[in-house]
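Asker: What follows is a structure written as structure tokens; I'll ask about it next.
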Amino acid sequence: MKKTAFLLFFIFLSAHVSGAESYKIKLRTGQHAEFFRIVLEGPASVISKAIVNQKSKNIQVVFPDTAISIDDQKSAVAYKKTAEDTVIFFPLDFSGFKVLTLENPDRLVIDLSVHPERSKEGRREKFSGVKTVVIDPGHGGNESGLVIDEHIEKNAVLDIAKTLKAIIENGPGNCFLTRGSDMLLSLDDRVKFSNGKNADVFLSLHIGNHGNVVIYAPVIAGSVPESVKPFLLNKGQEKFMPDTFVLLNAVKKAIAADFGDDMVAVKSLPYSMLSKIEAAAIIVELPSFKDADYTSDWRSLIATAISKGIKTYEEDMAK
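In structure tokens:
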């Protein structure tokens, strides 16, 4: 009898623990002139527990002893749940942050300063326009990239890059391609080419396995594994991060305007070649061959949208 009672109690306790309630937290983000905002919305009893810390160049949010799930409302920040009650955000470079708890609805607001104050020695010259754009068609040579039937990534992105170059050169700016033919280039070759041209904007084109356009921006981390240190030997991107953020949002808005809000997403990309680029720098990963037809008309449309984004970037930087 005692064994039966103990077994029933154990089963009840196990069911109670495994069935512990998980609270849904809505995540959204917003870009403002001087800061990037992360908003976590949920029950007041959960939001009030939140503890926010900076971990290197990342933001950690802990809801002690409370299981949460993230309901992503098309946010523009990379993140990862590291425990049932913990989520870490990987934003672009920021100089500081402040935290607010607001009501109606109950939410945690984290504002990240994205335009750090620079010393006189480190301050860049006043923005004088986009004079030089470097477009990097991904892959090349024996690196074909994504291949589906007759579609080959290295050829498609080169064609789009050439179209984009022609559009840009119709204006006052110069545009260079890291490769103008089917040739293999190392990541270092692409970086050296861009920096050698004193590019104002660097944009690398790729094609992914998804139905939308994904724009990637670099992340500079203060503490990194040995395996990724080679990417950070030259921190050329570090002082250009505010410019990169403006470029990212300008291109995102331009693509959304021509293709729809649901057709563009933003992600952070730690330890990529972008970290070495001495210019505003992003990677634009286009939809898969299954999700876009890649006719000459479509390629022209996406090239035009990106060119509009670069123009908007120039206007925003001049403000």
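In this note's numbering, the protein residues as written are 39 to 357. Beta carbons: idealized from backbone N, C-alpha and C, even for Gly.
Is it the case that the region 131–146 contacts the region 200–211, given that we only count it when at least three CB pairs across the two stretches are under 8 Å?
Answerer: no
Asker: How about the region 87–97 and the region 112–130: do they share at least three Cβ pairs that are nearer than 8 Å?
Answerer: yes
Asker: At the level of alpha carbons, what is the spacing between VAL252 and ILE320?
Answerer: Residue numbering aside, residue 252 sits at position 214 when the sequence shown is read from its first letter. Residue numbering aside, residue 320 sits at position 282 when the sequence shown is read from its first letter. Computed Cα separation, rounded: 10 Å.
Asker: Buried or exposed: where does SER313 fall if 16 or more other Cβ atoms within 10 Å of its Cβ makes it buried?
Answerer: By 1-based counting over the sequence shown, the position of residue 313 is 275. Per the 10 Å Cβ criterion, buried.
Asker: Can you give me the start and stop residues for the beta strand (DSSP E) that ILE76 sits inside?
Answerer: Here residue 76 refers to the residue found at position 38 of the sequence shown. Unbroken beta strand (DSSP E) run through ILE76: 73–79.
Asker: Can you tell me whether ARG161 is buried or exposed, with buried defined as 16 or more other CB within 10 angstroms of its CB?
Answerer: Here residue 161 refers to the residue found at position 123 of the sequence shown. Low confidence applies to ARG161: its pLDDT is 39, below 50, so where it sits in the model is not reliable, and the reading given next is rough at best. Looking at its Cβ environment, which holds fewer than 16 other Cβ atoms inside 10 Å, ARG161 is exposed.
Asker: Which of the three DSSP states, helix, strand or coil, is assigned to SER113?
Answerer: Numbered from 1 along the sequence shown, position 75 holds the residue referred to as residue 113. Note: SER113 maps to coil in three-state DSSP.
Asker: Could you spell out where the alpha helix (DSSP H) holding ILE315 opens and where it closes?
Answerer: Reading the sequence shown from its first residue, position 277 is the one you call residue 315. No alpha helix (DSSP H) holds ILE315; DSSP gives it neither H nor E.
Asker: Sorted by chain position, which residues of the same chain lie with C-beta nearer than 6 Å to SER66's C-beta, five sequence neighbours on each side aside?
Answerer: Translated into the one-based positions of the sequence shown, residue 66 becomes position 28. Checking the sequence, you will find Arg at residue 66 rather than Ser. For ARG66, where only same-chain residues beyond five positions count, the Cβ hits under 6 Å are VAL77, GLN111, SER113.
Asker: Give the straight-line distance between the Cα atoms of GLU188 and LYS119, rounded to the nearest whole angstrom.
Answerer: To locate residue 188, count along the sequence shown from 1; it is residue 150. To locate residue 119, count along the sequence shown from 1; it is residue 81. Answer to the nearest angstrom: the Cα atoms are 39 Å apart.
Asker: Pull up the distance between the alpha-carbon of ILE63 and that of THR216, whole angstroms please.
Answerer: As a working note, residue 63 is residue 25 in the sequence shown. As a working note, residue 216 is residue 178 in the sequence shown. Answer to the nearest angstrom: the Cα atoms are 43 Å apart.
Asker: Under 8 Å Cβ to Cβ from ALA82, same chain only, skipping five residues before and after it: list those, please.
Answerer: Taking the sequence shown and counting its residues from 1, one reaches residue 82 at position 44. The answer, listed in chain order, is GLU141, ASP144.
Asker: Spatial neighbours of LYS357 within its chain, please: CB distance less than 8 Å, with the 5 preceding and 5 following residues excluded, ordered by chain position.
Answerer: As a position in the sequence shown, residue 357 is number 319, starting the count at 1. Once the five neighbours on either side are set aside, LYS357 has no close Cβ partner at all.
Asker: When DSSP labels each residue in this structure, what does PRO129 get in the three-state scheme?
Answerer: As a position in the sequence shown, residue 129 is number 91, starting the count at 1. PRO129 falls in the coil class under three-state DSSP.
Asker: Which residues bound the beta strand (DSSP E) around PRO280?
Answerer: The residue labelled residue 280 in the question sits at position 242 within the sequence shown. Here PRO280 belongs to no beta strand (DSSP E); instead the alpha helix (DSSP H) covers 279–297.
Asker: Pull up the CB-CB distance for MET355 and VAL289, whole angstroms please, since I reckon it's below 8 Å.
Answerer: To locate residue 355, count along the sequence shown from 1; it is residue 317. To locate residue 289, count along the sequence shown from 1; it is residue 251. Separation of the CB atoms of MET355 and VAL289 is rounded to 13 Å, and the pair is thereby denied contact status at 8 Å.
Asker: Can you list, in chain order, the residues of its chain with a C-beta nearer than 7 Å to that of PHE165? Leave out the 5 residues immediately preceding and following it.
Answerer: Looking up residue 165 in the sequence shown gives position 127. Taken in chain order, the residues that qualify are MET355, ALA356.
Asker: Out of LEU307, THR139, ASN91, ALA194, which has the shortest C-alpha to C-alpha gap to ASP335?
Answerer: Within the sequence shown, the letter at position 297 stands for residue 335. Looking at the Cα atoms, ALA194 is the closest of the given residues.
Asker: Pick helix, strand or coil for GLU353, following the three-state DSSP scheme.
Answerer: Numbered from its first residue, the sequence shown carries residue 353 at position 315. Correct three-state label for GLU353: helix.
Asker: Do you know offhand how far ALA341's Cα is from ILE198's?
Answerer: For the purposes of this step, residue 341 is taken as the residue at position 303 of the sequence shown. For the purposes of this step, residue 198 is taken as the residue at position 160 of the sequence shown. In a straight line, the C-alpha of ALA341 is about 6 Å away from that of ILE198.
Asker: Can you check whether the CB of PRO325 is closer than 9 Å to the CB of ILE245?
Answerer: Taking the sequence shown and counting its residues from 1, one reaches residue 245 at position 207. Taking the sequence shown and counting its residues from 1, one reaches residue 325 at position 287. Yes, the pair counts as a contact, with Cβ atoms nearer than the cut-off.
Asker: Could you name the residues of the same chain whose beta carbon sits closer than 8 Å to that of GLN92, not counting the 5 residues immediately before and after it, in chain order?
Answerer: Along the sequence shown, read from residue 1 onward, the residue named residue 92 stands at position 54. Result list for GLN92: GLN98, PHE135, in chain order.
Asker: Less than 9 Å separating the beta-carbons of LEU184 and PHE74?
Answerer: Within the sequence shown, numbered from 1, the residue matching residue 184 stands at position 146. Within the sequence shown, numbered from 1, the residue matching residue 74 stands at position 36. No, Cβ-Cβ distance for LEU184 and PHE74 is not below 9 Å.
Asker: Taking the beta strand (DSSP E) that LEU243 falls in, what are its first and last residues?
Answerer: By 1-based counting over the sequence shown, the position of residue 243 is 205. Residues 239–245.
Asker: Look at VAL239 and VAL304 and say whether their C-beta atoms are less than 9 Å apart.
Answerer: The sequence position of residue 239 within the sequence shown is 201, counting from 1. The sequence position of residue 304 within the sequence shown is 266, counting from 1. Not a contact, by the Cβ cut-off of 9 Å.
Asker: Can you list, in chain order, the residues of its chain whose CB lies under 6 Å from that of SER232, leaving out five sequence neighbours each side?
Answerer: Residue mapping note: residue 232 aligns to position 194 of the sequence shown, counting from 1. VAL172, PHE240, ILE315.
Asker: Run through the region 194–243 for me and flag every whole beta strand (DSSP E) of 3 or more residues, listed as ranges in chain order.
Answerer: 212–215
Asker: Do LEU307 and ALA255 have their C-beta atoms closer together than 9 Å?
Answerer: Indexing the sequence shown from 1 puts residue 307 at position 269. Indexing the sequence shown from 1 puts residue 255 at position 217. For LEU307 and ALA255, yes; Cβs fall inside 9 Å.
Asker: In chain order, what residues of the same chain lie with their CB nearer than 6 Å to the CB of LEU271, ignoring the 5 residues before and after it?
Answerer: Indexing the sequence shown from 1 puts residue 271 at position 233. Confidence at LEU271 is low in this model, with a pLDDT of 41, below 50, so the placement of that residue should be treated as unreliable; the coordinate-derived value is given next. Within the same chain, LEU271 has no close Cβ partners at all.
Asker: Looking at the structure shown, is SER306 part of a helix, part of a strand, or coil, going by DSSP?
Answerer: Here residue 306 refers to the residue found at position 268 of the sequence shown. Residue state, collapsed to three classes: strand.
Asker: To the nearest angstrom, report how far apart VAL322 and LEU243 are at their CA atoms.
Answerer: Position 284 of the sequence shown, counted from the start, is the residue given in the question as residue 322. Position 205 of the sequence shown, counted from the start, is the residue given in the question as residue 243. Rounded to whole angstroms, VAL322 to LEU243 spans 5 Å at the Cα level.
Asker: Looking only at its own chain, which residues have a Cβ that is under 6 Å from the Cβ of GLY179, when we skip the five neighbours before and after it?
Answerer: Taking the sequence shown and counting its residues from 1, one reaches residue 179 at position 141. Hits under 6 Å: MET221, LEU222.
Asker: Rounding to the nearest angstrom, what Cα-Cα distance links GLU181 and PRO175 in this structure?
Answerer: Taking the sequence shown and counting its residues from 1, one reaches residue 181 at position 143. Taking the sequence shown and counting its residues from 1, one reaches residue 175 at position 137. GLU181 and PRO175 have their C-alpha atoms roughly 12 Å apart.
Asker: Name, in chain order, the residues that DSSP records as bridge partners for SER151.
Answerer: Residue 151 sits at position 113 when you count from the first residue of the sequence shown. According to DSSP, which records beta bridges pairwise, SER151 is partnered with PHE73, GLY134.
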